[in-house]
Structures are given as C-alpha cells and as structure tokens.
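Below is one structure; the comments refer to it alone.
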Amino acid sequence: MIVFSSLQIRRGVRVLLDNASATINPGQKVGLVGKNGCGKSTLLALLKNEISADAGSFTLPGTWQLAWVNQETPALPQPAIEYVIDGDREYRHLEAQLNDANERNDGHAIASIHGKAGRHRRMDRSLARRQPATRSRLL
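Each residue of the sequence shown is one higher than the one before, starting from 1 at the first, in UniProt numbering.
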C-alpha cells in the first residue's frame, strides 16, 4: 500500500501540503482533484521521486506500477474517457475477452467475465447518492 504520513511540501515560502496523510490500498484506483495550485502535481512529483517531502514520509512498494495522465495530453482521435481507461490494463484485457466470448456466442464465458468485471463497473452514480463510506473511498 502507499502511505503518506504527516507530509509537508513547500514551494518557496508557500506550503502546498501540510500534515497530509492518506493510505491507498492494493487494487484501489484513485483520482486526484483540487483547485489550481493546491499541490496535486507536486504530490504526483513526490510519488514519481522527482522531489522530496519537506517533512513527513511516504512509502511506495517497489513492485507497484503508477499510471497518470499528464496535464497536457496529446491530441488523440479517441475520447478522453477511452484514453484514461486504456491505462487500466486489467479492464482492457477483460473487455477483449468479453468481445471474443461474444463473437463465439459463449454464454458461460460471457457470464464468467461479467463476474470478474463486476469490480470494474464505471462509477456513474452521483457522489451525493452514495453511502458515506463509499464517498470517503472516492475522495
């Protein structure tokens, strides 16, 4: 798991993160959102070992792979959502298996793949309608 503990990161005299703590467990997919200048890119730079924290600590398992979308993405013919989903290799693998099973008209394989893909359902319900525990996992 990735653990941030009491992080402080400054840019000059400006404190971007102060006493920030969080845990990201295996299998979680996390989106980082916030207003301009609040430290999102700085936190990613820390994860990519481009900078160090001024205080606190973080741990990142050496076997984990990180994926991110740059602020400026290349002009692509595909929709932005497809560009982002392409980063989820397991989802795309299941999608390919499902397409293959559909072409073969293999109902058992289709059902099995849908069972495996259940944890990959798109989060299309509004945040306000979710249970508090689910909302905290999304934030």
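All C-beta atoms, glycine included, are put in the ideal place defined by N, C-alpha and C.
Burial check for Ile-113: the Cβ neighbour count within 10 Å reaches 16 or more, so the residue is buried. In the same chain as Gly-27, and ignoring 5 residues on each side of it, no C-beta atom comes closer than 7 Å to its own. Every beta strand (DSSP E) stretch that sits fully inside the UniProt domain "ABC transporter" (17 to 121) and reaches 3 residues is listed by chain position as 55 to 59. Here Phe-58 is near Val-3, since their CB atoms are less than 9 Å apart.
Its chain contains no residue whose beta carbon lies nearer than 7 Å to that of Thr-63 once the 5 sequence neighbours on both sides are disregarded. DSSP places Val-3 inside the beta strand (DSSP E), whose first and last residues are 2 to 11.
Straight-line measurement puts the Cα of Asp-54 at about 11 Å from the Cα of Asn-19. From the listed residues Gly-118, Leu-98, Lys-40, the smallest Cα separation to Asn-70 is found for Lys-40. Taking 9 Å as the cut-off, the beta carbon of Leu-32 is found no closer than this to the beta carbon of Leu-17.
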